[in-house]
Amino acid sequence: METDGGVKQFKLQIDMQCRCTGCARKIEKAMVCIGSVSGVEASVADVDTGIVAVVGKVNPTKLCHWLKRRIRKDVKIVYPDPPVQNSKQE
Numbered sequence: 001m002e003t004d005g006g007v008k009q010f011k012l013q014i015d016m017q018c019r020c021t022g023c024a025r026k027i028e029k030a031m032v033c034i035g036s037v038s039g040v041e042a043s044v045a046d047v048d049t050g051i052v053a054v055v056g057k058v059n060p061t062k063l064c065h066w067l068k069r070r071i072r073k074d075v076k077i078v079y080p081d082p083p084v085q086n087s088k089q090e
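The opening position of the sequence shown corresponds to residue 1 in UniProt numbering, with each subsequent residue numbered one higher.
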């Protein structure tokens, strides 16, 4: 995982529609693995709400994609708001 810039704080939201023990266990394992990702200094997860708070020099978008591949659930950046792509740029 590439790092860039300074230390960032951000939150990710995991889609928790299924709350079975298997899905909860898969998410808990992924939360443990986030700490081993290069650039992540600290992470705190709440499995009940699906919110993961991360502090580090890691790119939030790349970490979001890494987590999506890891747990096969929808993950999005909720804080800070993701940059808006203007489709009318010239």
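Beta carbons: idealized from backbone N, C-alpha and C, even for Gly.
Discussion item. Please classify residue 36 as buried or exposed, where buried requires at least 16 other C-beta atoms within 10 Å of its C-beta.
Written reply: Here residue 36 is taken as the residue at index 36 of the sequence shown, counted from 1. Exposed.
Worksheet item: Which partner residues does residue 9 have in the DSSP bridge list?
Response: Here residue 9 refers to the residue found at position 9 of the sequence shown. Residue 9 pairs with 55.
Practice prompt. Would you mind reading off the limits of the beta strand (DSSP E) that contains residue 76?
Written response: Mapped onto the sequence shown, residue 76 falls at position 76. Where residue 76 is concerned, the enclosing beta strand (DSSP E) stretches over 75-79.
Item to complete: Just the C-alpha distance for residue 19 and residue 13, rounded to the nearest angstrom, thanks.
Response: Taking the sequence shown and counting its residues from 1, one reaches residue 19 at position 19. Taking the sequence shown and counting its residues from 1, one reaches residue 13 at position 13. Each residue's alpha carbon lies about 15 angstroms from the other.
Worksheet item: Taking DSSP as the reference, what is the three-state secondary structure of residue 47?
Response: Against the sequence shown, residue 47 aligns to sequence position 47. Look at residue 47 here: in three-state DSSP terms it is coil, with no helix or strand label.
Worksheet item: Under three-state DSSP, which class holds residue 32?
Response: In the sequence shown, residue 32 corresponds to position 32, counting from 1. Residue state, collapsed to three classes: helix.
Worksheet item: In chain order, what residues of the same chain have a beta carbon less than 7 angstroms from the beta carbon of residue 80, not counting five sequence neighbours either side?
Response: In the sequence shown, the residue the question calls residue 80 occupies position 80. Same-chain partners within the cutoff: 10.
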